[in-house]
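Using the UniProt record's numbering, you'd call the opening residue of the sequence shown number 1 and step up by one each time.
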Amino acid sequence: MKTCQSCLGALDGTYIDVRVRAEDRVRYRTCKGSIFVNVLGVRDRDMRFIYVLAGWEGSAADGRVLRDAITRPTRLKMPRGNYYLVDSGYNNHEGFLSPYRGVRYHLISKNGVRKQHVTES
Numbered sequence: 001m002k003t004c005q006s007c008l009g010a011l012d013g014t015y016i017d018v019r020v021r022a023e024d025r026v027r028y029r030t031c032k033g034s035i036f037v038n039v040l041g042v043r044d045r046d047m048r049f050i051y052v053l054a055g056w057e058g059s060a061a062d063g064r065v066l067r068d069a070i071t072r073p074t075r076l077k078m079p080r081g082n083y084y085l086v087d088s089g090y091n092n093h094e095g096f097l098s099p100y101r102g103v104r105y106h107l108i109s110k111n112g113v114r115k116q117h118v119t120e121s
C-alpha cells in the first residue's frame, strides 16, 4: 500500500519527573499538579529513535513542543509527501496523521473478539 510506505514512523510526548528550583515549579507543573519536563520522542518504522527533544516545561502542550521541533535549526526532518503517526493529543496537519477524536481503535472485548471501532461517549 502506497499510503503506508509514506509513513515515516510515530511520535509522542512523555513526561519525566524532575526537581527544579522553587521559583520555576509553576512552569514545570502539569495539569495534574506534578513537576515534570516534557520530552518529544520520534521513532522510525524500525522502532529506532531518530529524534528526541527534551527540556520543555511540563505545562507545555504537546503541539507547542512539536511546533518547536519542526522550526528549530536542528529540526525534525519532514520530507514532503510523507507523514508521522501521532496520537489524538496532536492535530492533523501536513506531515502528521492523528486518529479521529472519540474513537478507540484495536480494542479486544472480554471474550477475546476484536471490535473494529468503538466510539467513546
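By construction, the Cβ of each residue, glycine as well, lies at the ideal position given by its N, Cα and C atoms. These figures come from a predicted structure and were not determined experimentally.
Check, Outcome
"Among the residues of its own chain, which have a CB less than 6 Å from the CB of G89, if the five just before and after it don't count?", "D62"
"Hey, would you say Y15 sits closer than 9 Å to G58, going by beta carbons?", "yes"
"Specify, as a first and last residue, the run of the beta strand (DSSP E) that T14 falls within.", "C7 to D17"
"So, with DSSP's three-state summary, where would you put Y90?", "coil"
"Need the endpoints of the beta strand (DSSP E) that G55 sits in, please.", "F49 to E57"
"Looking at V37 and A54, is the spacing between their C-beta atoms short of 9 Å?", "yes"
"In the DSSP assignment, what residue or residues form a beta bridge with R64?", "According to DSSP, which records beta bridges pairwise, R64 is partnered with nothing at all."
"Which term fits G13, buried or exposed, when burial requires 16 or more other beta carbons within 10 angstroms of its beta carbon?", "buried"
"Can you say whether A69 is buried or exposed, counting buried as having 16 or more other CB atoms within 10 angstroms of its CB?", "buried"
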